[in-house]
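What follows is a set of notes on a single structure, which appears directly below.
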Ligand code: SAH
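Residue numbers (this note's numbering): 30 to 376.
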């Protein structure tokens, strides 16, 4: 495989170039692209409208990305499925499949592990291994669709890893997913979540991809944010919000702010009012997440009562706020939990 190219990673224009380079007619690229990205085949021999000789030529110089499901957990409560997926170099990542009224949604990983070090997050516990390629990100959708035999219509980049720390490959994956000859999922059905890598928020705005941007805020002052998110030492809340305003101006899309409610840490009335002050006047939506208690971390979930009053305070001040429905609460559905268990078991 060493000298072969990963054919799934090529955008249509690149695939056309490659096909011409191996001495074939460009139009075959469209056929191949459809097989790879619309149908999601796992071998060249399934490409039945392509001559045997071209298939052999492809096999000699390229390979099809295959990702295997190591473990699938299904929630008995709501049908949410969590997958542990093995990559070709044996690294393991997670993807979560969720059924919502507006369609099937997948939560994809963008890196193997994470460098960001957020105190409450399991993804970062085992450190950082490597970034995923664009096709490994898109491949999670292909792999899960193949397994569930159900079509996925929405994608959230909220799995393991920091999407804006793997910028080029994340953009490549969005282009692969967007393409009408592939999965054909519009950018408006894609949400990307970041802990706030400010320069890349500006860069993303300028790509003019219409995806929804989510910001993991989790605190309303820089001091508090630094206690739970090391990235706060690099960028202030003000810098993040300025970048958000730019994103809104360029794309016309509202921003979603994620706020994990941690007992006794960021769940008071003052915190809620702090958030109101920060977001007033911005086209924003707040998503409250009762913090998922992971084994290794000291943080506890805020109480039902404090979650509700936090939400009411925001809503009554005109900030549209919802509490994220906890899907898959009976399986290891929070970021990085399943992978962490797998690593612990296999060490
Ligand atoms: N690195 C990106 C995306 C991955 S995490 C980011 O930081 O946005 C997706 C969301 O889940 C983030 O808002 C993250 O802060 C949150 N999250 C991680 N661990 C959590 C936990 N234990 N409980 C609640 N939310 C958590």
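We treat Cβ as the ideally placed atom computed from N, Cα and C, and that holds for glycine.
### Query
Taking the alpha-carbon positions, what's the residue 453 to residue 71 distance?
This structure does not reach residue 453, given that the chain is present from 30 up to 376, and the question cannot be answered.
### Message
At a cut-off of 7 Å, would you count residue 124 as near ligand 3, judging by its Cβ distance to the nearest heavy atom?
### Response
With respect to ligand 3, the structure shown offers nothing to examine, as its ligands consist of ligand 1.
### Local conformation of residue 271 per DSSP, three classes
As a working mapping, residue 271 is identified with position 242 in the chain shown. Three-state result, residue 271: helix.
### Query
Nearest to residue 204 by alpha carbon, out of 66, 352 and 45?
Here residue 204 corresponds to residue number 175 of the chain shown, with the count starting at 1. For residue 204, the nearest C-alpha among the options comes from 66.
### Task
Report the rounded CA-to-CA distance for residue 177 versus residue 251, giving the unit in angstroms.
Here residue 177 refers to the residue found at position 148 when the chain shown is read from its first residue. Here residue 251 refers to the residue found at position 222 when the chain shown is read from its first residue. For residue 177 and residue 251, the distance between alpha carbons rounds to 43 Å.
### Query
Is it true that the CB of residue 162 sits closer than 8 Å to the CB of residue 357?
Along the chain shown, one-based indexing puts residue 357 at 328. Along the chain shown, one-based indexing puts residue 162 at 133. Not a contact, by the Cβ cut-off of 8 Å.
### Task
Have a look at 266, 208 and 287 and flag the residue whose alpha-carbon is nearest the alpha-carbon of residue 221.
Counted from its first residue, the chain shown places residue 221 at position 192. With respect to the C-alpha of residue 221, the residue from 266, 208 and 287 having the closest C-alpha is 287.
### Message
Output needed for residue 249: all residues of its chain with C-beta closer than 7 Å, excluding positions within five of it in sequence on either side, in chain order.
### Response
Counting from one through the chain shown, the residue named residue 249 turns up at place 220. Hits under 7 Å: 300, 303, 304 and 307.
### Query
According to the Cβ coordinates, are residue 223 and residue 192 closer than 8 Å?
On the chain shown, position 194 is the one that residue 223 refers to. On the chain shown, position 163 is the one that residue 192 refers to. Yes.
### Query
By DSSP, does residue 243 sit in helix, in strand, or in coil?
The sequence position of residue 243 within the chain shown is 214, counting from 1. Strand, per DSSP.
### Query
When you compare only the Cα positions, how much space is there between residue 327 and residue 294?
The sequence position of residue 327 within the chain shown is 298, counting from 1. The sequence position of residue 294 within the chain shown is 265, counting from 1. Roughly 11 Å between the two C-alpha positions.
### Message
For residue 58 and residue 48, I'd like the C-alpha separation in whole angstroms.
### Response
As a working mapping, residue 58 is identified with position 29 in the chain shown. As a working mapping, residue 48 is identified with position 19 in the chain shown. Here the alpha carbon of residue 58 sits roughly 6 Å from the alpha carbon of residue 48.
### Start and end residues, beta strand (DSSP E) containing residue 129
As a first step, residue 129 is located in the chain shown; it is residue number 100 there, counting from the start. First-last of the beta strand (DSSP E) with residue 129: 121–129.
### Query
Taking Cβ to Cβ, would you say residue 123 is nearer than 8 Å to residue 189?
As a position in the chain shown, residue 123 is number 94, starting the count at 1. As a position in the chain shown, residue 189 is number 160, starting the count at 1. Cβ distance < 8 Å, so residue 123 and residue 189 count as in contact.
### Query
Shortest alpha-carbon distance to residue 157 belongs to which of 141, 151 and 164?
Within the chain shown, residue 157 is the residue found at index 128, counting from 1. It is 141 whose Cα lies nearest to the Cα of residue 157.
### Message
Contact defined as beta carbons within less than 8 Å: I believe residue 216 pairs with residue 239. What is the distance between those atoms, to the nearest angstrom?
### Response
Within the chain shown, residue 216 is the residue found at index 187, counting from 1. Within the chain shown, residue 239 is the residue found at index 210, counting from 1. Contact holds; Cβ gap of about 4 Å.
### Message
For residue 42, count the other beta carbons within 10 Å of its own beta carbon; 16 or more makes it buried, fewer makes it exposed. Which is it?
### Response
As a working mapping, residue 42 is identified with position 13 in the chain shown. Label assigned to residue 42: exposed.
### Message
Please give the ranges of any alpha helix (DSSP H) in the segment 56–87, keeping only runs that are unbroken, at least 4 residues long and fully inside the region.
### Response
As far as the segment 56–87 is concerned, its whole alpha helix (DSSP H) runs of at least 4 residues are 57–62.
### Query
Alpha carbon to alpha carbon, what distance is there between residue 39 and residue 168?
Stepping through the chain shown from its first residue, residue 168 is reached at position 139. Stepping through the chain shown from its first residue, residue 39 is reached at position 10. Using only the alpha carbons, I get a separation of about 13 Å.
### Query
Apart from the five residues on each side of it in sequence, which residues of its chain come closer than 6 Å, Cβ to Cβ, to residue 214?
Taking the chain shown and counting its residues from 1, one reaches residue 214 at position 185. Excluding positions up to five away in sequence, the list reads 206.
### Task
Please report the residue range of the alpha helix (DSSP H) in which residue 230 lies.
On the chain shown, position 201 is the one that residue 230 refers to. Its alpha helix (DSSP H) spans residues 227–236.
#### Entry: C-beta atoms of residue 127 and residue 134 nearer than 8 Å
Sequence index remark: in the chain shown, residue 127 carries index 98 (1-based). Sequence index remark: in the chain shown, residue 134 carries index 105 (1-based). Yes, they are a contact pair.
### Cutoff 8 Å; reference residue 210; Cβ partners in own chain excluding five residues on either side
Along the chain shown, one-based indexing puts residue 210 at 181. Residues of the same chain with a CB within less than 8 Å of the CB of residue 210, apart from the 5 flanking positions on each side, are 41, 59, 62, 63, 66 and 67 in chain order.
### Task
Quick one: using the 10 Å Cβ neighbour count with 16 as the cut-off for buried, is residue 345 buried or exposed?
For this step, residue 345 is matched to residue 316 along the chain shown. Flag for residue 345 reads exposed.
### Backbone secondary structure at residue 260 - three-state DSSP
For the purposes of this step, residue 260 is identified with residue 231 of the chain shown, where counting begins at 1. Residue state, collapsed to three classes: helix.
### Query
residue 190: beta carbon under 7 Å from a heavy atom of ligand 1?
Position 161 of the chain shown, counted from the first residue, corresponds to residue 190. Under cutoff, so the answer is yes.
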